[in-house]
Every structure is written in structure tokens, then in C-alpha cells.
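Asks:
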Amino acid sequence: AGGEGSEERRGAPGSLGGEGGLEEALEEEKELQDEAMGRRRAGSVDDTFEEELMAQLEVYEHLLQEFQFQLEVVRTRYSLATGAITSLMRQIEFQESQLQKVTTENEMLQKELRERKQQLQAMSDKFSNLREDKKHQEVTGLIQRDNLLLQQVPALEKEIAKREQTISELEAKVSQLQTEVNQNQNHLQRRKQLQEEMQNKNEMVQLAEQQARVALESAQSRLERLRNKIIQAAFNTLGIKSLATEISDSDILEALQRVISERTDYYNQLKQKGVKVPPLQQSEILSSTGKSKKISSK
1 AGGEGSEERR
11 GAPGSLGGEG
21 GLEEALEEEK
31 ELQDEAMGRR
41 RAGSVDDTFE
51 EELMAQLEVY
61 EHLLQEFQFQ
71 LEVVRTRYSL
81 ATGAITSLMR
91 QIEFQESQLQ
101 KVTTENEMLQ
111 KELRERKQQL
121 QAMSDKFSNL
131 REDKKHQEVT
141 GLIQRDNLLL
151 QQVPALEKEI
161 AKREQTISEL
171 EAKVSQLQTE
181 VNQNQNHLQR
191 RKQLQEEMQN
201 KNEMVQLAEQ
211 QARVALESAQ
221 SRLERLRNKI
231 IQAAFNTLGI
241 KSLATEISDS
251 DILEALQRVI
261 SERTDYYNQL
271 KQKGVKVPPL
281 QQSEILSSTG
291 KSKKISSK
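As C-alpha cells, this is what we get:
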């Protein structure tokens, strides 16, 4: 459009003739070049703002993928810990049944030992009351029986000591298994808390990503409207308006500042409604304002 307008204006001095028409054509061509330069500067500001929003969106997507991976790892560890606790509980039940069995056998042996000792004491009492002459054979048999009982007593005591040692070992093992169960339950609780924290972070990242997408779409829409207004103001002078109404750098700066103000108002509205939003990056606003001021100074 600029090329066609310049060709039409170059042809105009030829039809008029004279040096006055040539000077007017040169002035119009210079004004068109200034307008083209202004449009290039405005396009550069729009591209920079859009690139910053796209970079922020990529960062949020990367964080979301990382949190999802960590959440899967925590879930796997949680499943493994649950299986280990179930296995340890089964081992404890088995060891407790073994302990109960050994305790019962130990009680039976102690009862048998008490009966043997009572029998031995009875035989000793009976032996003291017997006369040596009349009860010699009976005494001999009693002595042999007593000797047999006395021989059995150390074996029974040894068996009881062995059973008591086995009981002590089983009790120690049960205590150790109970300690491991408590430790695994603590680990399981910590992993559950970690899983909840990861889910909360994941939700926050998803919310931040959604807000960034909304902000990007809103900014693109505003930038597109601003671009259309600039183009319309630049090329609306052909046969309709004079070039005195052309758009200036100060108008572009004012439009950009209005976009930033609308974005800040949108952020404040979300915050007032109770929506969790990340803090507004003031550095982005200052950077955009600084770039606009540079364009205005040029």
C-alpha cells in the first residue's frame, strides 16, 4: 500500500509540472518513510512482549512435567512400603505363634519337673521310714528309681534352659520386627505427606500455567487490536484525511501503557476474588515501559 501510494504521488508532480509539485512529492515520500519506521518500531515492541510471555509459559510447562514425574516416584515408593509392612506383619504373627507354642511346651516341662521332684521327695521320705532289714530289696529298687530320676533331672533342666533361651531369642526378634514396622510406618507417613505436598504444588503449577495462558491470549488480543489501530491510522490518509493526523510515537507509548495497566487491573481482580495467583512480575512491567520510553526518545 505504501509503494502504491508513493507511485501515485510520484506521478502527481509530473501531471502538475514545475518545481512546486516536485518538492511536494519529496515531502510526501519522506513522511511515508517516517510512518514505515514507526510501524517497524511498534512491531518490535509487540514481538518482544509476546516472546516474554511465551518464555514464561514454557517455564511453567517444564515445572509441571517435573512435578508430575516426582509424584509418580512417590506413589511407587508408597506402594513398595505398603507391601513391606504387610510382609513384616505376617512375620510377626508367625513368630508370635511360635513363641506361644514354645511357652506352652516350657510350662509342660516345668510341670513335669515339679512332679518328678515331688516323686523324688516322696521316695526319699518313704526310704527314711523303711527299715533296712525288711525293705532292702524295695530300697534297692527305690534307689535305682531315684537314680534314674536324678539322671533325668539335669536333662530336663538343660531342656528347660534351652527352651528359655529360644523364648528370649524369639522375643528379641519380635521386638526387632516391631521396631522395623514402626520405622516403616513413619516412612510411610512421611511419604504420604510428601505426596500431598507434591499434589498441592502440581495444582499450583497448573493454576499458574492456566493464568499464564489467559494472560498470553489477552495480551495477544490487545496487541492485535493495537496493531490494527496503528495500521488504520497510518494508511487512512489516502484521499480521506490529511497527513497531519498521522500516528506518533507518543500515541504508541500511550497504547502500550494502557495494555500494561489493563493487565495489572486483571491481576488485581483475580486476587480480590480469592484466586491463587503468583506474584506479578514488576520487572516485566518496568522492562516494557523502559522499551516504550526508548522508542519514544528515538
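Residue numbers for the sequence shown follow full-length UniProt numbering, beginning at 1 and rising by one. Glycine included, C-beta positions come from ideal geometry on N, C-alpha and C.
Could you check whether Lys173 and Gln95 sit closer than 8 angstroms to each other, using their CB atoms as the reference points?
Replies: Contact: yes.
Asks: Among the residues of its own chain, which have a CB less than 8 angstroms from the CB of Arg191, if the five just before and after it don't count?
Replies: Result list for Arg191: Val74, Arg77, Tyr78, Ala81, in chain order.
Asks: Under 8 angstroms between the Cβ atoms of Leu109 and Ile160?
Replies: For Leu109 and Ile160, yes; Cβs fall inside 8 angstroms.
Asks: For Lys229, does the three-state DSSP call read helix, strand or coil?
Replies: If DSSP states are grouped into helix, strand and coil, Lys229 belongs with the helices.
Asks: Can you give, in chain order, each stretch of the beta strand (DSSP E) that sits fully within the stretch 185 to 230 and has at least 3 residues?
Replies: Correct list: empty.
Asks: Counting only the same chain and skipping the five closest in sequence on each side, list residues whose C-beta sits under 7 angstroms from that of Glu169.
Replies: So no residue of the chain qualifies.
Asks: Give a yes or no on contact between the stretch 193 to 210 and the stretch 256 to 267, applying the rule of three or more CB pairs nearer than 8 angstroms.
Replies: Output reads no: the stretch 256 to 267 does not touch the stretch 193 to 210.
Asks: Can you check whether the CB of Ile92 is closer than 8 angstroms to the CB of Gln178?
Replies: Yes, the pair counts as a contact, with Cβ atoms nearer than the cut-off.
Asks: Are the beta-carbon atoms belonging to Leu63 and Leu216 less than 8 angstroms from one another?
Replies: Taking 8 angstroms as the Cβ cut-off, Leu63 and Leu216 do not qualify as a contacting pair.
Asks: Alpha carbons only, please: which of Phe67, Lys117, Gln195 is nearest the one belonging to Leu149?
Replies: If we check each option's Cα against that of Leu149, Lys117 comes out closest.
Asks: Express the C-alpha separation of Ser175 and Thr166 in angstroms, rounding to a whole number.
Replies: Distance between the alpha carbons of Thr166 and Ser175 is about 14 angstroms.
Asks: Going by C-alpha to C-alpha distance, which of Asp265, Leu88, Gln199, Gln151 sits closest to Asn184?
Replies: With distances taken between Cα atoms, Asn184 lies closest to Leu88.
Asks: Should residue 300 and Gln195 be called a contact, given that it needs their Cβ atoms to be closer than 8 angstroms?
Replies: Residue 300 lies beyond the stretch modelled for the chain, which goes from 1 to 298, so this question has no answer here.
Asks: Quick check on Gln137: buried or exposed, where buried means 16 or more other Cβ atoms within 10 Å of its Cβ?
Replies: Counting Cβ neighbours within 10 Å, Gln137 comes out exposed, since fewer than 16 surround it.
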